[in-house]
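Asker: Handing you a structure now.
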Amino acid sequence: MELIKAIVLGLIQGLAEFLPISSSGHLAIFKHVLGFDTDTGLLFDVLLHLGTLAAVFVAFRKDIFELVKEGFAIIGQFFKSVFLSLFKKKKWQPVVTTPYRRFVMLVIISTIPTGILGVLLSDVINAASATLIVPGILLLINGVQLLISDRLPDGRLTEENASYTKAAVVGVAQGIATFPGISRSGTTITACLACGFSREFAVKYSFIMSIPAILGALVLELLDFTPELLSASDAVNYLVGTVIAGIVGYVCIKTMLVVVKGKKFKYFAYYCFAMGAFAVLFSFLI
Numbered sequence: 001m002e003l004i005k006a007i008v009l010g011l012i013q014g015l016a017e018f019l020p021i022s023s024s025g026h027l028a029i030f031k032h033v034l035g036f037d038t039d040t041g042l043l044f045d046v047l048l049h050l051g052t053l054a055a056v057f058v059a060f061r062k063d064i065f066e067l068v069k070e071g072f073a074i075i076g077q078f079f080k081s082v083f084l085s086l087f088k089k090k091k092w093q094p095v096v097t098t099p100y101r102r103f104v105m106l107v108i109i110s111t112i113p114t115g116i117l118g119v120l121l122s123d124v125i126n127a128a129s130a131t132l133i134v135p136g137i138l139l140l141i142n143g144v145q146l147l148i149s150d151r152l153p154d155g156r157l158t159e160e161n162a163s164y165t166k167a168a169v170v171g172v173a174q175g176i177a178t179f180p181g182i183s184r185s186g187t188t189i190t191a192c193l194a195c196g197f198s199r200e201f202a203v204k205y206s207f208i209m210s211i212p213a214i215l216g217a218l219v220l221e222l223l224d225f226t227p228e229l230l231s232a233s234d235a236v237n238y239l240v241g242t243v244i245a246g247i248v249g250y251v252c253i254k255t256m257l258v259v260v261k262g263k264k265f266k267y268f269a270y271y272c273f274a275m276g277a278f279a280v281l282f283s284f285l286i
């Protein structure tokens, strides 16, 4: 792979994965309009995902550490409660007893509909990605939802009081956002705000709930993975693309925290309108 191609794809992955402009939609446009070959092989796709995943871990490292710790605590408490209730005849002990334990459960519940929709819609999504007009239309729709997001009031729900039903709704939104042209971050943040989440928690929840989704995509990709012979130059270029995706992704996460608080999604909405209109018009010319 050429170095310039690795850099461009790393930039696209880092920028569009976390900014509300749809990475899959941009890849489809690059492929059709510029003739840019986005098929870089499974290994590079995996590495790009790892780069953006690393950005999430760095940006929310304290929260993720607590979530992992409390996740194991939930498992331990569950088995302890089972043992005490079955063999000691004691009353069942609550398992979800802290805000971070509720956070863990919220993320798990959101992930379930996302995974189901991802499997059920995979063929439709692949077909949509092979066209130019569909990502263009969906970018226009994405712009509309971003304008709506800016007009939604700031809610009060956090990990302490958000319901599991609303977590499932956000998970459905994330599943729908796998279509090219629909931003995952924009859709999930909008869904969180519509459900009454506070703006700060909406951003945090959107990015942390992306971890299981990205890991799931990695697992599916690795199932089809076969060892590839890489030249030294390819290995270096792959590494450069991955690092760029991670660094740019981290900057974009921090940017989104400011954008959502300041209700500045409208600027990304205007960009999506422009890109969507361009893609739709160009689709009639090719």
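Position one of the sequence shown corresponds to residue 1 (the numbering used here), numbered consecutively onward. By construction, the Cβ of each residue, glycine as well, lies at the ideal position given by its N, Cα and C atoms. Just so it is clear, the structure is predicted and the values come from calculations on it, not from any experiment.
1) Buried or exposed for N126, going by 16 or more other Cβ atoms inside 10 Å?
2) Enumerate in chain order the residues of its own chain whose CB-to-CB distance from D150 is below 7 Å, with the five nearest sequence positions on each side excluded.
3) Give me the Cα-Cα distance between C192 and K166, rounded to the nearest whole angstrom.
4) For L157, list the residues DSSP reports as bridge partners.
5) By Cβ distance, which residues of its chain are closer than 6 Å to G143, with the 5 residues on each side in sequence left out?
6) Is the number of C-beta pairs between the segment 75-87 and the segment 122-142 that are closer than 8 Å three or more?
7) Does the beta-carbon of L9 have 16 or more other beta-carbons within 10 angstroms, so that it is buried, or is it exposed?
8) Going along the chain, which residues of its own chain have a beta-carbon closer than 6 Å to the beta-carbon of T242, five neighbours each way excluded?
9) With a threshold of 6 Å on Cβ separation, who are the neighbours of E159 within its own chain once the five nearest residues in sequence on each side are excluded?
10) Between the Cα of V96 and the Cα atoms of A73, L281, V203 and N237, which residue gives the shortest distance?
11) Tell me the rounded alpha-carbon separation between F197 and T188.
12) Three or more C-beta pairs under 8 Å: does that hold for the segment 236-251 against the segment 116-131?
13) Secondary structure at L185, three-state DSSP: helix, strand or coil?
14) Return the chain-ordered list of same chain residues with a C-beta closer than 8 Å to the C-beta of L67, the five sequence neighbours on each side being excluded.
15) In chain order, what residues of the same chain lie with their CB nearer than 7 Å to the CB of A28, ignoring the 5 residues before and after it?
16) Please classify R156 as buried or exposed, where buried requires at least 16 neighbouring CB atoms within 10 angstroms.
17) Looking at the secondary structure, which residues open and close the alpha helix (DSSP H) in which V96 lies?
18) For S183, count neighbouring C-beta atoms within 10 Å of its own C-beta (all shown protein chains included) and say buried if the count is 16 or more, exposed if not.
Answerer: According to the data block:
1) A residue is called buried when at least 16 other Cβ atoms come within 10 angstroms of its Cβ; N126 does not meet this threshold and is exposed.
2) For D150, where only same-chain residues beyond five positions count, the Cβ hits under 7 Å are K263, F265 and K266.
3) Approximately 8 Å between the Cα atoms of the pair.
4) Residue pairing by DSSP puts L157 in a beta bridge opposite F197.
5) Cβ within range, chain order: A269, C272 and F273.
6) As far as the Cβ criterion goes, the segment 75-87 does not touch the segment 122-142, which means the pair count is below three.
7) Burial call: buried.
8) Counting only Cβ-Cβ distances below 6 Å, and skipping sequence neighbours, we find L47 and G51.
9) Listed in chain order, the non-local C-beta contacts of E159 below 6 Å within the same chain comprise P99, R102 and F103, local neighbours out to five positions each way being set aside.
10) The shortest C-alpha to C-alpha distance from V96 to any of A73, L281, V203 and N237 is the one to A73.
11) Pairing F197 with T188, the inter-Cα distance amounts to about 11 Å.
12) With the cut-off at 8 Å, the segment 236-251 and the segment 116-131 do not touch.
13) This sequence places Ser at residue 185; Leu is not what is there. It is helical.
14) The answer, listed in chain order, is Y100, F103, V104, V107 and I208.
15) Taken in chain order, the residues that qualify are S129, L132, P135 and P180.
16) Around the beta carbon of R156, fewer than 16 other beta carbons lie within 10 angstroms, which makes this residue exposed.
17) Element bounds for V96: n/a, residue is neither H nor E.
18) Note on S183: 16 or more other CB atoms within 10 angstroms of its CB, so buried under the neighbour-count rule.
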